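Notes for the one structure printed next.
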Amino acid sequence: MRDGLRFGLLGPPVVYGADGEVRAIGGAKVRALLVALLLEPGRVVSVEALKDALWGGAPPASAQASLQNHVTRLRRLLGDDGPERLRAVPPGYLLRVDDGELDVRVFEEHLIATRVAHAARDWEGAVREASDALALWRGTPLSGLPHETGAHALVQRLQEARLLVLEWRYDAELQLGGARFGSLVPELAALVAEHPLREGFHRLLMLALHRTGRPAEALAVHRDLRARLIEELGVEPGAAVREAHLEILREGQAASGDGTGAHGPQADDAYADHHPGTDRTKTPRPAQLPPAPAHFTGREAVREDLLRFLAAERDAPGIAVVSGMAGVGKSALALHVAHGLRERFPDGQLYVNLHGATPGMTPLTPGQALAALLRDLGAESHRIPEHPDAAASLLRSLLAPTRTLMVLDDAAHAAQVRPLLPGGPGCAVIVTSRSPLTALDGAHRVPLAPLSDEDSAALLRVVSGRDGLHAGHPLVELAGRLPLALRIVAARLAARRALTPDTLAGQLAATEGRLHHLEYDDLSVRRSLAVAHDALRASDREADRDAARALARIGALDLPGYGAPLLARLLGTDERRAEAALDRLVDVALLEETAYGCYAPHDLVRDFAHETMASEQGLEPERSGAELALRWYAAMATRALDALVEPGTERTDRLRATPSQPRTHTADVASVPAFGSAEAAADWIVLELENIVALVERHADTSAHVPLLVRMIASPLQRRGRVAESEALVRAALRGARGLADAPAEAYALLDMAGVQLLKGRGNDALSLLDEALEIWRRLGDLSCLCRGLNNRGLLLGVLGRYEESGEALRQCLEYTRVLNDPMQEAITYSNLGNLYEHTDPRGAIGHHRRSLEIGERIGHVIVRHSAHCNMGFAHLALGEPDAAVPHFEESLRILGGHGHWPGESQTRLGLVRALREQGDAGRAAHECDELLRLAARRGDRYTEGLARHQLGLLCRAEGDAEEARRQWEAALSALEGTDSPVAGELRELLAQR
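Encoded structure:
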């Protein structure tokens with residue numbers, strides 16, 4: 003290995019072996035993959051970013067598989083440690099690069115050391131560090147790679163850094179003199195020829211010629227440089243060149259003995275009457291910033307972060323990208339920060355509005371922006387190079403020796419910005435854009451969100467002059483906390499003193515009226531949003547046109563969030579195209595990626611998206627879009643039921659079609675993939691639950707998919723303790739089933755609603771609903787469902803203390819299980835019989851639970867086994883045997899593991915707390931009780947919270963803390979209010995005691 007190097011980018015990309023040999027990189031795609039990973043060394047590079055690097059903006063359908071093949075090849079290339087060094091880390095891949103292994107990093111370390119040594123006048127150290135830095139270069143960085151690798155800015159920065167290192171090294175060698183002194187002139191002459199406008203190399207050549215006894219040639223170099231700068235740019239050489247020129251003249255005068263020698267001022271001093279202080283033709287220092295925004299409010303942390311970043315000393319220009327949706331205040335923040343940095347950049351401040359998203363205007367081309375900047379720096383129009391690359395080089399040359407701040411406002415994309423960036427370390431750039439411009443290398447990114455409620459209210463008050471507006475006023479929410487919308491609202495209030503904030507809030511809240519009222523003078527939220535949408539619609543790119551269609555469908559459906567699988571169904575395309583469309587909407591700030599693969603629009607974008615529906619040809623009406631979504635959700639929910647509910651009668655019965663089930667459902671299920679695990683299915687339910695609730699509640703009266711979807715998802719939801727969502731869904735399903743006159747679907751909805759009421763501690767309500775379901779199943783002759791319903795009825799009657807009726811229901815159920823040959827229902831029936839016997843014969847109850855456990859172990863049913871141990875624990879508590887109960891509760895929790903059965907888990911944890919308390923292990927009991935309260939709070943389960951606080955109060959009383967015990971019991975009684983729990987009566991008795 004070359005001094006520890008493993009990877010090289012300072013030339014054609016290379017990989018070094020352990021012995022230093024260069025390993026051949028097989029093909030262009032592997033080379034591009036390696037470079038994409040090395041541009042982010044030690045960091046995760048997303049799969050999508052890697053696809054862009056390998057295939058630009060148009061990856062093939064096989065891109066995922068091809069990428070994995072290229073990763074495999076690259077791992078082989080890396081040698082024995084390839085698999086460990088290049089790892090898959092969601093959402094992409096990470097290449098480990100240790101210190102000293104990447105030549106770019108090593109070069110940058112030597113660059114810093116060179117600068118430090120040069121500044122300290124350590125000439126030998128500067129030469130040594132610079133030589134080590136330059137020795138790493140093998141040619142143009144990343145040569146041989148296509149442009150889509152996105153490293154153009156990095157290459158420019160590295161090339162500029164190399165030129166700086168060369169300047170520092172030659173300057174140090176001039177100071178040292180020595181054996182190499184004579185060879186400096188031809189080397190510097192070659193650099194001057196290669197870089198005819200770079201003043202630093204001209205200065206060094208002038209000094210080298212002068213100090214080797216060739217002053218006339220030195221002055222000729224100066225004359226040529228000055229003539230070229232004046233002719234091509236209309237500017238004079240900078241201060242460093244002028245100082246070198248004067249040094250040559252002064253020493254020439256001293257050699258001749260007076261001030262009128264052959265090389266005196268009269269002969270060659272171009273600056274004798276042309277000093278900076280008296281130069282009337284010199285271009286004034288640019289100070290182009292528009293006025294600082296009035297009433298700038300909030301953003302303290304972001305503002306300080308930007309000021310700190312842009313004011314820091316560094317070896318490359320500081321580039322900050324402020325991004326966010328239309329109207330979020332990007333330009334205001336940029337200008338506010340720029341005005342605060344004027345003293346830090348004494349050579350001027352440049353401002354260009356690139357019009358990337360300005361209503362009614364075409365974005366500036368890089369050539370137009372370059373011409374404007376060069377004119378602002380004093381270049382005459384006819385001397386500005388026509389070719390953009392030449393103009394960009396000239397701009398970098400002019401800015402290189404300066405401390406200049408540049409604000410590039412409203413950029414469309416990274417390609418528009420790259421040619422405008424300076425190369426000198428004294429400069430800084432603030433870019434604003436709706437896109438985060440992730441293809442812009444080395445930028446510090448500052449994404450802006452809407453203001454906080456407090457800052458929104460403060461902005462409303464200061465602009466409108468209305469003091470009574472507070473953070474909770476409806477105008478804050480109705481304006482979406484968006485600075486543009488807030489300023490429009492405030493301007494309307496300021497202009498019409500008779501218009502009250504409450505009246506304006508009513509106008510904004512009116513259906514279809516919000517965007518209409520968010521226009522004032524030249525300010526318009528609608529027009530700002532429309533720029534991005536219109537550009538997408540008019541684009542030649544497939545992803546852009548898909549994005550425009552996607553926004554219209556988002557407006558039609560109006561769900562809380564969106565993912566690629568759902569959007570693919572709505573667009574009638576594949577998930578790759580749907581994801582590309584979503585990413586484009588994020589790029590133009592019409593969507594936000596709230597989590598990986600999850601997208602949501604701002605509230606005002608929702609309103610705008612709804613308006614776009616009418617403009618999209620061929621768009622299905624809202625009902626059709628909702629039906630497509632419900633079909634997909636019903637199919638996926640069916641797959642989730644398969645993955646989450648154990649084989650048995652419950653799963654079989656729920657999967658059985660009912661009369662209203664749409665005929666397309668079987669094909670819909672076949673068209674979606676099965677879940678790889680129960681965990682994946684559970685995660686999907688959590689991810690999509692908010693959307694499912696929204697769709698079901700809206701379309702329960704119009705879609706046959708609603709009862710079907712809820713039937714598939716109700717049991718997994720209740721197992722996870724999602725009581726509020728379960729109740730909303732089942733209530734809608736019951737209404738839908740009755741509207742469809744679908745008796746089996748109605749019975750399931752009644753059964754599921756009974757389960758919800760039981761979870762809420764309302765046993766009598768649950769019993770009433772269950773009896774309705776049983777009546778339907780008797781009428782239909784559905785023995786399997788009738789058996790399960792009777793089992794549940796027996797359980798409920800036991801909870802309500804109606805033991806004789808409970809026993810009758812359970813014995814009837816036991817007969818049905820034998821007729822049906824249903825071991826699972828038989829095991830559950832024995833379990834419920836054991837619970838019944840617990841009140842009269844706890845020893846006999848344990849026997850029933852053991853029979854249930856034996857069946858559960860024989861059929862391998864986790865929930866049956868877990869329930870048996872839990873119930874045996876409660877039976878031992880009834881016998882006053884907490885020592886025997888604790889192991890059963892612990893085993894029950896162990897068996898349950900991560901199966902996500904909250905009703906069973908909560909009961910088991912409650913029993914464990916009680917057993918530990920009765921054992922006298924107060925510390926562990928309190929710890930388990932706290933954990934139970936935490937889990938209940940996470941699910942919004944007030945019933946379990948009340949039961950847990952009852953136990954916690956008993957623990958506090960045993961510890962002698964009567965006051966805390968009373969507080970816990972009061973909270974418990976509040977949580978159990980309206981339930982049928984006997985614990986509520988016990989709590990009232992406890993609180994009545996003094």
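Numbered by this note's numbering, the letters in the sequence shown go through residues 3 to 996 in order. Glycine is no exception: its CB is placed at the ideal position from the N, C-alpha and C atoms. The structure displayed is predicted, hence computed values, not measured ones.
Beta-carbon proximity of residue i to residue j, cut-off 8 Å
i: Leu211; j: Val243; result: no
i: Arg230; j: Glu238; result: no
i: Pro884; j: Glu920; result: yes
i: Pro709; j: Gly738; result: yes
i: Cys206; j: Asp173; result: Note that residue 206 is Leu in the sequence shown, not Cys. Yes, the pair counts as a contact, with Cβ atoms nearer than the cut-off.
i: Cys789; j: Asp824; result: yes
i: Val695; j: Glu729; result: no
i: Val588; j: Glu577; result: no
i: Leu477; j: Leu471; result: yes
i: Arg713; j: Val671; result: no
i: Leu569; j: Ala580; result: yes
Nearest to residue i (by Cα), restricted to the options the options
i: Ala716; options: Ala459, Ala222, Asn693 and Ala751; result: Ala751
i: Asp605; options: Met327, Gly858, Arg700 and Ala441; result: Met327
i: Glu302; options: Arg969, Gly13, Trp971 and Asp457; result: Asp457
i: Leu450; options: Pro424, Asp443 and Pro438; result: Pro438
i: Leu949; options: Ala924, Glu979, Gly922 and Asp523; result: Glu979
i: Gly906; options: Cys872, Glu233, Phe183 and Ala642; result: Cys872
i: Ala552; options: Val533, Pro562 and Leu573; result: Leu573
i: Val647; options: Thr819, Ala672 and His901; result: His901
i: Asp524; options: Pro361, Thr704, Leu501 and Ser383; result: Pro361
i: His612; options: Arg516, Glu103, Asp655 and Trp686; result: Arg516
i: Leu309; options: Glu810, Leu335, Glu692 and Ala296; result: Leu335
i: Ala927; options: Tyr522, Arg911, Gly942 and Ala669; result: Arg911
Own chain partners of residue i with C-beta closer than 6 Å, once the 5 adjacent residues on each side are dropped
i: Ala973; result: Arg951
i: His277; result: Residue confidence for His277 is low, a pLDDT of 37 falling below 50, so the modelled location carries little weight; the figure read from the coordinates is stated next. Correct list: empty, nothing qualifies.
i: Arg89; result: Leu96
i: Ala684; result: Gly902
i: Ile321; result: Val431 and Ala445
i: Pro623; result: With a pLDDT of 48 at Pro623, under the threshold of 50, the modelled position of this residue cannot be trusted, and the question is left open.
Length of the line joining the Cα atoms of residue i and residue j
i: Arg117; j: Ser133; result: 13 Å
i: Glu774; j: Leu895; result: 34 Å
i: Arg164; j: Met615; result: 54 Å
i: Leu975; j: Gln995; result: 15 Å
i: Ala496; j: Pro452; result: 22 Å
i: Met755; j: Val49; result: 44 Å
i: Arg225; j: Arg200; result: 14 Å
i: Asp378; j: Arg529; result: 31 Å
i: Glu817; j: Asp585; result: 59 Å
i: Val527; j: Ala487; result: 6 Å
i: Gly913; j: Glu892; result: 10 Å
i: Ala768; j: Gln720; result: 14 Å
i: Met826; j: Gly650; result: 7 Å
Same chain, Cβ closer than 7 Å to residue i, five either side skipped, listed in chain order
i: Asp281; result: Note that Asp281 scores 38 on pLDDT, short of 50, meaning its location in the model is unreliable; the coordinates nonetheless yield the value given after this. Contacts found: none.
i: Glu966; result: Cys958
i: Ala870; result: Ser833, His851, Ser854, Leu855 and Gly858
i: Arg867; result: Leu855, Gly858, Glu859 and Ile897
Neighbour-count burial assignment, residue i, 16 or more Cβ in a 10 Å radius
i: Glu991; result: exposed
i: Ala659; result: exposed
i: Gly279; result: With a pLDDT of only 34 at Gly279, under the threshold of 50, the placement of this residue in the model should not be trusted; the figure read from the coordinates follows. The residue is exposed, with fewer than 16 neighbouring Cβ atoms inside 10 Å.
i: Asp542; result: exposed
i: Thr1; result: Missing from the structure shown is residue 1; the chain here goes from 3 to 996 and no further.
i: Asn355; result: buried
i: Leu782; result: exposed
i: Asn837; result: buried
i: Tyr598; result: exposed
Contacting residues, own chain, Cβ-Cβ under 8 Å from residue i (five flanking each side not counted)
i: Val985; result: Gly948, Leu949, His952, Ala974 and Leu978
i: Arg405; result: Arg346, Phe347, Pro348, Asp349, Gly428 and Cys429
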